[in-house]
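First comes the structure, then the notes that go with it.
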Amino acid sequence: MSSTYDAIIIGAGHNGLTCACYLAKAGLKVLVLDQYHTVGGMATTEEVTLPGFRSDMHAVGYQFASLSPAPQELGLASFGFELNRPEINFSHVFPDGGIISMHRDVEDTVNSISRYSKKDGETWRRWAQRFVEQKDQIAAWLNSSPASLAEATDQLAGMPGGMDEYRFENQSLRSWLNEQFEAEETRMFMGSFACHCAVSPDDDGGGHLAWLFSSLIQDLGNRFVKGGMHNLPLALASYLRSKGGQIRTGERVSKIIVKDGKATAVRLTTGEEIGVSKVVSSGTDPRQLIVDFLGEEQVGSELIQKMKRYEWGDGYMAVYLALEKPLSYKSGPDAGVSLYAHPSPPSLEYFSKIYSECRSGMLPATPFTVMCNESAVDPERAPEGKAVMKFIVLNVPYEIKGDATGKISARTWDEAKEAYADHIIDHITDAYAPDLRDLILKRVVHSPLDMERTMISAVRGTVTHGAFLPYESGDQRPLPGLGQYQMPVPNVYLCGSGAHPGGGISMAPGRNAAQVILRDLKLQ
Ligand SMILES: Cc1cc2nc3c(=O)[nH]c(=O)nc-3n(C[C@H](O)[C@H](O)[C@H](O)COP(=O)(O)OP(=O)(O)OC[C@H]3O[C@@H](n4cnc5c(N)ncnc54)[C@H](O)[C@@H]3O)c2cc1C
Numbered sequence: 401m402s403s404t405y406d407a408i409i410i411g412a413g414h415n416g417l418t419c420a421c422y423l424a425k426a427g428l429k430v431l432v433l434d435q436y437h438t439v440g441g442m443a444t445t446e447e448v449t450l451p452g453f454r455s456d457m458h459a460v461g462y463q464f465a466s467l468s469p470a471p472q473e474l475g476l477a478s479f480g481f482e483l484n485r486p487e488i489n490f491s492h493v494f495p496d497g498g499i500i501s502m503h504r505d506v507e508d509t510v511n512s513i514s515r516y517s518k519k520d521g522e523t524w525r526r527w528a529q530r531f532v533e534q535k536d537q538i539a540a541w542l543n544s545s546p547a548s549l550a551e552a553t554d555q556l557a558g559m560p561g562g563m564d565e566y567r568f569e570n571q572s573l574r575s576w577l578n579e580q581f582e583a584e585e586t587r588m589f590m591g592s593f594a595c596h597c598a599v600s601p602d603d604d605g606g607g608h609l610a611w612l613f614s615s616l617i618q619d620l621g622n623r624f625v626k627g628g629m630h631n632l633p634l635a636l637a638s639y640l641r642s643k644g645g646q647i648r649t650g651e652r653v654s655k656i657i658v659k660d661g662k663a664t665a666v667r668l669t670t671g672e673e674i675g676v677s678k679v680v681s682s683g684t685d686p687r688q689l690i691v692d693f694l695g696e697e698q699v700g701s702e703l704i705q706k707m708k709r710y711e712w713g714d715g716y717m718a719v720y721l722a723l724e725k726p727l728s729y730k731s732g733p734d735a736g737v738s739l740y741a742h743p744s745p746p747s748l749e750y751f752s753k754i755y756s757e758c759r760s761g762m763l764p765a766t767p768f769t770v771m772c773n774e775s776a777v778d779p780e781r782a783p784e785g786k787a788v789m790k791f792i793v794l795n796v797p798y799e800i801k802g803d804a805t806g807k808i809s810a811r812t813w814d815e816a817k818e819a820y821a822d823h824i825i826d827h828i829t830d831a832y833a834p835d836l837r838d839l840i841l842k843r844v845v846h847s848p849l850d851m852e853r854t855m856i857s858a859v860r861g862t863v864t865h866g867a868f869l870p871y872e873s874g875d876q877r878p879l880p881g882l883g884q885y886q887m888p889v890p891n892v893y894l895c896g897s898g899a900h901p902g903g904g905i906s907m908a909p910g911r912n913a914a915q916v917i918l919r920d921l922k923l924q
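Each step along the sequence shown adds one to the number in my numbering, with nothing skipped, and position 246 is 646.
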């Protein structure tokens, strides 16, 4: 056995690193292991198309992390971490050239919505204000261990208006949008962020999620990390090293060795075993931790069966683009300087159709594609005068059983992905951005399968280590009984997006798990 550490963290995603930083800050000797060639997991920036074109490979928007105390507590600004905020957070563009934008100032957003409905503009002002009033409460909820289901329900039942809150938290996107907004354009503008989380118009909780995401962005901005999202995990890694922590990349973990009910070592796929005296914490997806690293012998057959039925959600595809020059949109210049442009027709049925196609295994005919204008907001990501963009194609099937485009006969992603990307580029060129096709210098497509191949925790091409479902949220995430970060082997913890509050860049699962670990070790 090689040397022994106080704590081993499996996975150098931003959550694993966050957990590692807090443990090292408390004086523990920490080692982080990751299978990929660099730290960051689904928060890296790479020159995937051409030299000088720096693409965020996964996350672009720094959203829920805006409510995290971690950057300040860890002094990440001294390690090269810097945030910027675009003037226009995102825009929804319609095929007729129409547009609604979420501006920095809520009154500008209200005016933009009011072009379609004055009443909707005023309604949005009220919903945006609601976030401002609840912000501290929401931050506290994100950045602490979840209440049990019984406690959370009691709390709601006991507070004035609690049952209305309960209703809202469970309301579908369609129900909330139809109840609150009259113009179909506003409904699409507000509803798109449920789609970001792979929540369909008729899934439970979609209304609340869309409000929370949109109003957070309205208040705090659709911020981005200067130079690329990778600078967040790189700053965390630098902090960790400054506290004596070590990181080994290119090392895949296969097993946690347990003796007398306690984790004592971690085994790599090379056969090397690394000793640990106090804690193992995993930032990987929960299936690997429970089924592979611990296994039935440690957790029992019931948990293995429950983990096997865990729902992952819908897959994603990414198209990375190097462009000759910045893209012009049919809707005008505001779309091109927004961090995201959301192209769609003004019809909620459009979203419904995508989900029904995707969930029945079809390649959606016109998938919802988030167009990320990365170099427009952060010019240093592309050579002067050129542009780098990413299209995140939301809600595509992991296994292709059919094709709603009517053009693609292949049924494996390796064979279908280029043709599907052609179809998407053609559609966006024709409907939203006429010069797109001609501006492309280089294009790289990552199918859901490619995402899973490079980033093992992107299970089935999903990005949040588990679907956003009420029964896989809070204290129920990842599974009932495992919602407090600690696993059935008491010195083993889950610190990735499979734990509360779930996926996205938030640093919250990593920080929350670290608080629990330090409490259990009586170090705080
Ligand atoms: C295309 C795309 C766009 C996105 N956009 C946004 C966005 O704009 N805003 C946002 O907030 N979120 C976004 N997300 C989601 C966000 O990136 C992820 O939810 C988040 O980064 C997950 O962080 P994590 O640390 O919990 O897990 P991960 O980043 O998945 O980290 C897990 C780590 O574990 C490692 N690992 C896995 N298995 C092993 C093993 N056996 N041995 C060793 N190491 C292992 C992996 O290599 C990885 O580094 C996006 C995701 C994608 C794919």
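The C-beta atom is built at its ideal place from N, Cα and C for all residues, glycine as well.
With 16 other Cβ atoms within 10 Å as the buried cut-off, status of residue 914: Here residue 914 refers to the residue found at position 514 when the sequence shown is read from its first residue. Buried, since its Cβ has 16 or more Cβ neighbours within 10 Å.
Evaluate the contact criterion for the stretch 591-601 versus the stretch 526-534: three or more CB pairs, one atom per stretch, below 8 Å. no
Find out if the Cβ-Cβ distance for the pair residue 489, residue 617 is shorter than 8 Å. Position 89 of the sequence shown, counted from the first residue, corresponds to residue 489. Position 217 of the sequence shown, counted from the first residue, corresponds to residue 617. Closer than 8 Å, so yes.
Work out the CA separation of residue 562 and residue 555 for me, nearest whole Å. Within the sequence shown, the letter at position 155 stands for residue 555. Within the sequence shown, the letter at position 162 stands for residue 562. Distance between the alpha carbons of residue 555 and residue 562 is about 8 Å.
Top-ranked residue by Cα proximity to residue 431, from 479, 500, 649: Numbered from 1 along the sequence shown, position 31 holds the residue referred to as residue 431. For the residues 479, 500, 649, the minimum Cα distance to residue 431 belongs to 649.
Length at least 3, wholly inside the stretch 609-670: the beta strand (DSSP E) runs in chain order: Counting whole runs of 3 or more residues, the stretch 609-670 contains the beta strand (DSSP E) stretches 646-648, 653-659, 662-668.
Any contact of the stretch 621-631 with the stretch 483-498, i.e. 3+ C-beta pairs under 8 Å? yes
Between the alpha carbons of residue 509 and residue 469, how many angstroms are there, rounded? The sequence position of residue 509 within the sequence shown is 109, counting from 1. The sequence position of residue 469 within the sequence shown is 69, counting from 1. In this structure, the alpha-carbon of residue 509 lies about 28 Å from that of residue 469.
With residue 466 and residue 620 assumed to form a contact (beta carbons below 8 Å), what rounded beta-carbon distance in angstroms separates them? To locate residue 466, count along the sequence shown from 1; it is residue 66. To locate residue 620, count along the sequence shown from 1; it is residue 220. The Cβ separation is near 4 Å, so the contact holds.
Just list the residues that DSSP pairs residue 841 with in beta bridges. Here the question's residue 841 lines up with position 441 in the sequence shown. DSSP lists no partner for residue 841.
Ends of the beta strand (DSSP E) at residue 899? As a working mapping, residue 899 is identified with position 499 in the sequence shown. No beta strand (DSSP E) holds residue 899; DSSP gives it neither H nor E.
Under 8 Å between the Cβ atoms of residue 679 and residue 407? Mapped onto the sequence shown, residue 679 falls at position 279. Mapped onto the sequence shown, residue 407 falls at position 7. Yes, these two residues count as a Cβ contact at 8 Å.
Identify every run of the beta strand (DSSP E) within the stretch 767-821, keeping only runs that are complete inside it and at least 3 residues long; order them along the chain. 769-772, 787-796
Using the C-alpha atoms, what's the distance from residue 820 back to residue 887? Reading the sequence shown from its first residue, position 487 is the one you call residue 887. Reading the sequence shown from its first residue, position 420 is the one you call residue 820. So the two alpha carbons sit approximately 41 Å from each other.
Distance check for residue 801 and residue 925, CA to CA, integer angstroms please. Because the chain here runs from 401 to 924, residue 925 falls outside it and cannot be looked at.
Please say whether residue 891 and residue 662 have beta carbons closer to each other than 8 Å? Looking up residue 662 in the sequence shown gives position 262. Looking up residue 891 in the sequence shown gives position 491. In contact: residue 662 and residue 891 (Cβ atoms closer than 8 Å).
Would you call residue 722 buried or exposed, if buried means 16 or more other Cβ atoms sit within 10 Å of its Cβ? As a first step, residue 722 is located in the sequence shown; it is residue number 322 there, counting from the start. Around the CB of residue 722, 16 or more other CB atoms lie within 10 Å, so the residue is classed as buried.
Grab the span of the beta strand (DSSP E) containing residue 430 for me, first residue to last. Indexing the sequence shown from 1 puts residue 430 at position 30. Here the beta strand (DSSP E) through residue 430 covers 430-433.
Where do the ends of the alpha helix (DSSP H) carrying residue 748 lie? As a working mapping, residue 748 is identified with position 348 in the sequence shown. Start and end: 748-759.
Of the choices 632, 640, 576, 585, whose alpha-carbon is the least far from that of residue 960? An answer regarding residue 960 cannot be provided, because it is not within the stretch 401 to 924 covered by the chain.
Cut-off 6 Å between Cβ atoms - residues of its own chain near residue 494, not counting five sequence neighbours on either side: Taking the sequence shown and counting its residues from 1, the one referred to as residue 494 is at position 94. Correct list, in chain order: 746.
Measuring straight from C-alpha to C-alpha, what distance separates residue 677 and residue 667? Taking the sequence shown and counting its residues from 1, the one referred to as residue 677 is at position 277. Taking the sequence shown and counting its residues from 1, the one referred to as residue 667 is at position 267. Their Cα atoms are separated by approximately 14 Å.
Can you tell me which residues form a DSSP beta bridge with residue 876? The residue you call residue 876 lines up with position 476 of the sequence shown. Answer is none; residue 876 lacks a bridge partner.
If we call anything under 8 Å between Cβ atoms a contact, is residue 916 one with residue 545? Mapped onto the sequence shown, residue 916 falls at position 516. Mapped onto the sequence shown, residue 545 falls at position 145. Taking 8 Å as the Cβ cut-off, residue 916 and residue 545 qualify as a contacting pair.
Can you tell which of 699, 742, 784 has the C-alpha that lies nearest to the C-alpha of residue 792? Position 392 of the sequence shown, counted from the start, is the residue given in the question as residue 792. The candidate whose alpha carbon is nearest that of residue 792 is 742.
Would you kindly report the start and end of the unbroken alpha helix (DSSP H) that includes residue 740? The count along the sequence shown starts at 1 and reaches residue 740 at position 340. Run containing residue 740: none in the alpha helix (DSSP H); it sits in the beta strand (DSSP E), 738-743.
Do residue 903 and residue 854 come within 8 Å of each other at the CB atom, strictly closer than that value? On the sequence shown, position 454 is the one that residue 854 refers to. On the sequence shown, position 503 is the one that residue 903 refers to. Going by C-beta atoms, residue 854 is not nearer than 8 Å to residue 903.
Among 730, 861, 806, 918, the one whose alpha carbon lies nearest that of residue 713: Translated into positions along the sequence shown, residue 713 becomes position 313. Minimum Cα-Cα distance from residue 713 among the listed residues 730, 861, 806, 918 corresponds to 861.
Give the single residue among 433, 499, 448, 885 whose Cα lies nearest to the Cα of residue 645. Reading the sequence shown from its first residue, position 245 is the one you call residue 645. Among 433, 499, 448, 885, the Cα nearest to that of residue 645 is on 433.
Can you determine whether any heavy atom of ligand 1 sits closer than 7 Å to the C-beta of residue 615, and answer yes or no? By 1-based counting over the sequence shown, the position of residue 615 is 215. Not under cutoff, so the answer is no.
Let me know the secondary structure DSSP gives residue 445 once reduced to three states. Looking up residue 445 in the sequence shown gives position 45. In the three-state reduction of the DSSP assignment, residue 445 falls in the strand class.
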